[in-house]
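Accompanying notes for the structure given below.
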Amino acid sequence: MDTILSPLYYAVSWIIVQFHSFYSLIFDENSGAAWGLSIVSLVVLIRVCLIPLFVKQIKSTRNMQALQPKMKAIQERYKSDKQRQSEEMMKLYKETGTNPLSSCLPILAQSPFFISLYQVLSHIANNQTVGVINQSLLESAQKAHIFGAPLAAKFLDTPEKIQSLGASVTDVRVVTVIMIVLMSASQFYTQRQLMTKNVDLTVKTPFMQQQKMLMYVFPIMFAVFGIGFPGFPVGVLLYWLTTNVWTMGQQMFVIRRNPTPGSKAFEERQQRLRAKGKLKEDPAEVEAKKVAEEARQNRQQPKRQSKSQRQTQPAAGGKQAGGSKPAGGAGAQRRTRAGAGSSASDASGPDASKKQSLEKQAPQDSKPKGGSSASGSRNAKSGQRKGQQRPKHPSKK
Numbered sequence: 000m001d002t003i004l005s006p007l008y009y010a011v012s013w014i015i016v017q018f019h020s021f022y023s024l025i026f027d028e029n030s031g032a033a034w035g036l037s038i039v040s041l042v043v044l045i046r047v048c049l050i051p052l053f054v055k056q057i058k059s060t061r062n063m064q065a066l067q068p069k070m071k072a073i074q075e076r077y078k079s080d081k082q083r084q085s086e087e088m089m090k091l092y093k094e095t096g097t098n099p100l101s102s103c104l105p106i107l108a109q110s111p112f113f114i115s116l117y118q119v120l121s122h123i124a125n126n127q128t129v130g131v132i133n134q135s136l137l138e139s140a141q142k143a144h145i146f147g148a149p150l151a152a153k154f155l156d157t158p159e160k161i162q163s164l165g166a167s168v169t170d171v172r173v174v175t176v177i178m179i180v181l182m183s184a185s186q187f188y189t190q191r192q193l194m195t196k197n198v199d200l201t202v203k204t205p206f207m208q209q210q211k212m213l214m215y216v217f218p219i220m221f222a223v224f225g226i227g228f229p230g231f232p233v234g235v236l237l238y239w240l241t242t243n244v245w246t247m248g249q250q251m252f253v254i255r256r257n258p259t260p261g262s263k264a265f266e267e268r269q270q271r272l273r274a275k276g277k278l279k280e281d282p283a284e285v286e287a288k289k290v291a292e293e294a295r296q297n298r299q300q301p302k303r304q305s306k307s308q309r310q311t312q313p314a315a316g317g318k319q320a321g322g323s324k325p326a327g328g329a330g331a332q333r334r335t336r337a338g339a340g341s342s343a344s345d346a347s348g349p350d351a352s353k354k355q356s357l358e359k360q361a362p363q364d365s366k367p368k369g370g371s372s373a374s375g376s377r378n379a380k381s382g383q384r385k386g387q388q389r390p391k392h393p394s395k396k
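What follows is the structure, encoded as structure tokens:
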């Protein structure tokens, strides 16, 4: 490993020494500020060089999200033929120009520098020169402490080794735990920001489940590695915390300026552009939205009624309808009595008593009771047979 990465050891150590020479003009050359800022500057330099790869990562991630429905359809169609499924997937990647490994390029590109920095700090902790770091720089780096913890100290180092670096076990444990928690929290927030703001939530795909799983797995994995085996030195924790913060800020900028269509961040950006008058929309679409909004505002929802209210309303309507019937029945009764009176002047004897009995039956026939229509029809027929006028039914008034 040392033989293969030896050129990177020289490159990383040379960059750190150059930044240390610059910061020594401001701070003490043996201080943690000079050496700590040198490591932070190394991170910034590497991440600036990796911006083109980060742009590819963003594009690849977006293309993968857009292709998820098609990929799912291919999996369902060829679920019994894995070879054909792989061929169709590769064909889809080729047609759309998508590389699944592009999302991992920044991490893969950083890995050699991360391993090299880890080895450089391990050599410093073991009092060994490495790269361009000679004995004088080695002694200066061993004296550098960040909040009381040496750059080369680890969480599980023995008290004797920590004391040889001029620090206490408590300071080293507290500083390393705080940095590991911050490192894991920044990693979790970065992944959560990607999942909640820059993903089209209308499409549920296995890719989203994988990203959600990584959101919880990565922070736990780095926390275990930072505390246990192999254990990260304070300088490496500073490096990883800095790169996480850089990634989080860079991702926030990209999500705000160029979000994924259909995501929450995309809707927020559209609203900002619309408020500033910079968003040009189709006039027909604007008119359709306006009409839909006016219809929604003018629409009146019926008031919700209880079961008792719904049952009492038909009863009240029935009373009102029934109330109009007696009025019609009274009119018919008056007309019937008038007709009976006029006919009474022309008739006498036994026919007159029959007419009076019919007059008494007429108001009873107009009452709105079940079976009244049948009895009224029979009485009306008997009246017609006897030459009497048939009273009008209240419903035919």
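Using numbering that gives the first Met the number 0, you'd call the opening residue of the sequence shown number 0 and step up by one each time. Backbone N, C-alpha and C define an ideal beta-carbon position, used for all residues, glycine too. Since this is a predicted model, take the numbers as computed values, not measurements.
What is the C-beta distance between residue i and residue j, in whole angstroms, given that I count them as a contact (C-beta under 8 angstroms)?
{"i": "residue 149", "j": "residue 141", "result": "7 angstroms"}
{"i": "residue 111", "j": "residue 52", "result": "At roughly 13 angstroms, the Cβ-Cβ gap does not stay under 8 angstroms, so residue 111 and residue 52 are not in contact."}
{"i": "residue 115", "j": "residue 11", "result": "4 angstroms"}
Could you tell me the alpha carbon to alpha carbon distance between residue i and residue j, rounded to whole angstroms?
{"i": "residue 60", "j": "residue 192", "result": "14 angstroms"}
{"i": "residue 49", "j": "residue 175", "result": "27 angstroms"}
{"i": "residue 441", "j": "residue 124", "result": "Any property of residue 441 remains undetermined from this structure, which presents the chain solely from 0 to 396."}
{"i": "residue 28", "j": "residue 151", "result": "16 angstroms"}
{"i": "residue 169", "j": "residue 85", "result": "54 angstroms"}
{"i": "residue 40", "j": "residue 5", "result": "21 angstroms"}
{"i": "residue 328", "j": "residue 311", "result": "Low confidence applies to residue 328: its pLDDT is 46, below 50, so where it sits in the model is not reliable enough to give any reading."}
{"i": "residue 135", "j": "residue 119", "result": "15 angstroms"}
{"i": "residue 197", "j": "residue 245", "result": "18 angstroms"}
{"i": "residue 277", "j": "residue 247", "result": "28 angstroms"}
{"i": "residue 211", "j": "residue 3", "result": "36 angstroms"}
{"i": "residue 366", "j": "residue 308", "result": "Its pLDDT being 46, under 50, residue 366 is placed unreliably in this model, and the value from its coordinates should be taken loosely. Straight-line Cα distance between these residues: approximately 28 angstroms."}
{"i": "residue 177", "j": "residue 159", "result": "22 angstroms"}
{"i": "residue 257", "j": "residue 71", "result": "26 angstroms"}
{"i": "residue 292", "j": "residue 286", "result": "10 angstroms"}
{"i": "residue 321", "j": "residue 304", "result": "Interpretation of residue 321 is limited by its pLDDT of 46, a score under 50 that renders its predicted location unreliable; no figure is taken from the coordinates."}
{"i": "residue 16", "j": "residue 62", "result": "41 angstroms"}
{"i": "residue 224", "j": "residue 270", "result": "43 angstroms"}
{"i": "residue 323", "j": "residue 306", "result": "Note that residue 323 scores 45 on pLDDT, short of 50, meaning its location in the model is unreliable; the coordinates nonetheless yield the value given after this. About 27 angstroms."}
{"i": "residue 14", "j": "residue 260", "result": "40 angstroms"}
{"i": "residue 236", "j": "residue 75", "result": "44 angstroms"}
{"i": "residue 81", "j": "residue 98", "result": "20 angstroms"}
{"i": "residue 220", "j": "residue 226", "result": "10 angstroms"}
{"i": "residue 122", "j": "residue 173", "result": "23 angstroms"}
{"i": "residue 274", "j": "residue 65", "result": "28 angstroms"}
{"i": "residue 185", "j": "residue 249", "result": "13 angstroms"}
{"i": "residue 290", "j": "residue 272", "result": "22 angstroms"}
{"i": "residue 77", "j": "residue 266", "result": "36 angstroms"}
{"i": "residue 126", "j": "residue 264", "result": "50 angstroms"}
{"i": "residue 128", "j": "residue 137", "result": "7 angstroms"}
{"i": "residue 294", "j": "residue 69", "result": "37 angstroms"}
Looking at C-alpha atoms only, which residue of the options is the closest neighbour of residue i?
{"i": "residue 238", "options": "22, 35, 106", "result": "35"}
{"i": "residue 144", "options": "122, 224, 165, 6", "result": "165"}
{"i": "residue 216", "options": "255, 91, 188", "result": "188"}
{"i": "residue 91", "options": "292, 77, 73", "result": "73"}
{"i": "residue 21", "options": "37, 109, 70, 224", "result": "37"}
{"i": "residue 218", "options": "24, 62, 240, 130", "result": "240"}
{"i": "residue 67", "options": "226, 185, 95", "result": "95"}
{"i": "residue 222", "options": "183, 242, 76", "result": "183"}
{"i": "residue 47", "options": "267, 242, 264, 290", "result": "242"}
{"i": "residue 55", "options": "294, 253, 264", "result": "253"}
{"i": "residue 44", "options": "18, 274, 265, 23", "result": "18"}
{"i": "residue 113", "options": "296, 232, 289, 294", "result": "232"}
{"i": "residue 57", "options": "127, 294, 179, 255", "result": "255"}
Between which residues of its own chain and residue i is the CB-CB distance below 6 angstroms, once the five residues before and five after are set aside?
{"i": "residue 31", "result": "143, 144, 145"}
{"i": "residue 109", "result": "none"}
{"i": "residue 7", "result": "111, 115"}
{"i": "residue 171", "result": "148, 152, 161"}
{"i": "residue 117", "result": "235"}
{"i": "residue 268", "result": "258"}
Which residues in the same chain as residue i place their Cβ atom closer than 7 angstroms to its Cβ, once the five residues preceding and following it in sequence are excluded?
{"i": "residue 345", "result": "No answer about residue 345 holds up, because its pLDDT of 45 lies below 50 and its placement is not dependable."}
{"i": "residue 214", "result": "187, 190, 191, 194"}
{"i": "residue 230", "result": "153, 154, 155"}
{"i": "residue 42", "result": "238, 241, 242, 245"}
{"i": "residue 26", "result": "32, 33"}
{"i": "residue 179", "result": "222, 225, 226, 236"}
With hydrogens ignored, establish whether the beta-carbon of residue i is closer than 7 angstroms to any heavy atom of the ligand COA.
{"i": "residue 266", "result": "Looking for the ligand COA in the displayed structure turns up nothing, as the structure carries no ligands at all."}
Leaving aside the five residues before and after residue i along the sequence, list all residues of the same chain whose C-beta is less than 8 angstroms from its C-beta, in chain order.
{"i": "residue 251", "result": "192"}
{"i": "residue 9", "result": "130, 131"}
{"i": "residue 167", "result": "147, 161"}
{"i": "residue 157", "result": "none"}
{"i": "residue 88", "result": "70, 73"}
{"i": "residue 83", "result": "77"}
Give, in chain order, every unbroken run of the alpha helix (DSSP H) that is at least 4 residues long and sits entirely within the segment 5–69.
-> 5–22, 31–48
Curious, which full-length alpha helix (DSSP H) runs of at least 4 residues does the segment 218–273 contain?
-> 233–256
Within the segment 115–172, ranges of the alpha helix (DSSP H) (whole runs, at least 4 residues) = The qualifying runs are 134–142, 158–163.
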